[in-house]
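Q: Encoded as structure tokens, here's the structure I'll be asking about.
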Amino acid sequence: MTESPTISVEDIRDVLIRSISAELGIPPSELATDRPFAEHGVDSLAALSVAMELEDACGLTDLPATLLWDYPTVDVLAPALRHLADGRPMPAGEGE
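So for the sequence shown, my numbering puts the first residue at 1121; every next one is plus one.
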């Protein structure tokens, strides 16, 4: 299920912030971690790109295409992905 069970929530947050900021062309400091991705302008193509980067950077596999809609903020998504990295199921997302 995972390749890197030692990844921290902070590591995941950093990957999320870096990836989303790059997709949107904004400085990482402008990404509010409690604000929904859609409000920042994340669209479905950007969401897929971010999910692929998370898989690569965090050693996770088979992340759903709806990941950023089901877990709509950095503050919600990072801890959920940490569950997955530990081999536990992700908690129910806010968008489900």
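Here a beta-carbon is modelled for each residue, glycine too, at the ideal position from N, C-alpha and C.
My parser needs the beta strand (DSSP E) runs of 3 or more residues fully inside the stretch 1138-1189; what are they?
A: Segments of the beta strand (DSSP E) lying fully in the stretch 1138-1189: there are none.
Q: What separation, rounded to the nearest whole angstrom, lies between the Cα atoms of Leu1144 and Gly1207?
A: Locating residue 1144 in the sequence shown gives position 24, counting from the first residue. Locating residue 1207 in the sequence shown gives position 87, counting from the first residue. Distance between the alpha carbons of Leu1144 and Gly1207 is about 31 Å.
Q: How about Val1170 and Ser1139: do their beta carbons lie closer than 8 Å?
A: Position 50 of the sequence shown holds residue 1170. Position 19 of the sequence shown holds residue 1139. Yes, the pair counts as a contact, with Cβ atoms nearer than the cut-off.
Q: DSSP state of Ile1127, grouped into three classes?
A: Start at 1 with the first residue of the sequence shown, and residue 1127 comes out as number 7. If DSSP states are grouped into helix, strand and coil, Ile1127 belongs with coil.
Q: Going by beta carbon distance, what residues of the same chain come within less than 6 Å of Asp1195, once the five residues before and after it are set aside?
A: To locate residue 1195, count along the sequence shown from 1; it is residue 75. Thr1153 and Asp1154, listed in sequence order.
Q: May I ask which residues mark the beginning and end of the alpha helix (DSSP H) holding Pro1192?
A: Stepping through the sequence shown from its first residue, residue 1192 is reached at position 72. Premise fails: Pro1192 is in no alpha helix (DSSP H) and is neither H nor E.
Q: If distances are taken between C-alpha atoms only, which option among Pro1148, Leu1187, Leu1174 and Leu1151 comes closest to Ser1164?
A: What you label residue 1164 is simply residue 44 of the sequence shown in a count that begins at 1. Comparing Cα-Cα distances from Ser1164 to each of Pro1148, Leu1187, Leu1174 and Leu1151, the minimum goes to Leu1187.
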